[in-house]
Amino acid sequence: MPTNLAAVNLQVRGFELNSLEERRIDRHLRRLAQRLTTGGDELVVDLNLEWHEMQRRVTARIIARSGHLGTQLVSDASAETADKAVRLASERILRQFGRRRRMERGVGSYSVPSRWFPERSRRSHARPGAKTRDAERANDES
Numbered sequence: 004m005p006t007n008l009a010a011v012n013l014q015v016r017g018f019e020l021n022s023l024e025e026r027r028i029d030r031h032l033r034r035l036a037q038r039l040t041t042g043g044d045e046l047v048v049d050l051n052l053e054w055h056e057m058q059r060r061v062t063a064r065i066i067a068r069s070g071h072l073g074t075q076l077v078s079d080a081s082a083e084t085a086d087k088a089v090r091l092a093s094e095r096i097l098r099q100f101g102r103r104r105r106m107e108r109g110v111g112s113y114s115v116p117s118r119w120f121p122e123r124s125r126r127s128h129a130r131p132g133a134k135t136r137d138a139e140r141a142n143d144e145s
């Protein structure tokens, strides 16, 4: 599976990564590169991982640049492990990228925001077992 991940500049402060965390971080960054790059663009990622002893958490800062003079997306996330922090930061970058693409297309001017995130479908606020207006209309018509 070829990806357009040109370079990863990794800085780790205050701890060392084990092999499992390295593999997971590599997988997250390859997925990020696969989603962010189009055509022949290459993605350069600066990844800073820092251990905070008092909080007992790892902070990940990702700076992703695509193409020559292309877009630059920045995200910070904090979690208990390094791979989880990188996953959270990469998810935030993907959301930023999605927002930027929607703004470029002008989606906000003609689309319904609830369709942007289908996993966040509207929930009914009716009590369980309560009759809705549609159910009442169907009963009245029959």
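All residue numbers in the sequence shown are consecutive under my numbering, ending with 145. Here a beta-carbon is modelled for each residue, glycine too, at the ideal position from N, C-alpha and C. This one's a predicted model, so the numbers in the text were calculated from it and none came from an experiment.
{"query": "Quick check on the DSSP output: the beta strand (DSSP E) that includes L50 runs from which residue to which?", "result": "46 to 55"}
{"query": "Is the CB-CB distance between D86 and R33 below 8 Å?", "result": "no"}
{"query": "Evaluate S69 with the Cβ neighbour count: other Cβ atoms within 10 Å of its Cβ, from every protein chain shown; 16 or more gives buried, anything less gives exposed.", "result": "buried"}
{"query": "What residue does the beta strand (DSSP E) around L13 start on, and which one ends it?", "result": "8 to 16"}
{"query": "Put Q99 into one of helix, strand or coil per three-state DSSP.", "result": "helix"}
{"query": "Whose CA, out of I66, A9, R104, lies closest to the CA of V89?", "result": "I66"}
{"query": "State buried or exposed for L50, treating a residue as buried only when at least 16 other CB atoms are found within 10 Å of its CB.", "result": "buried"}
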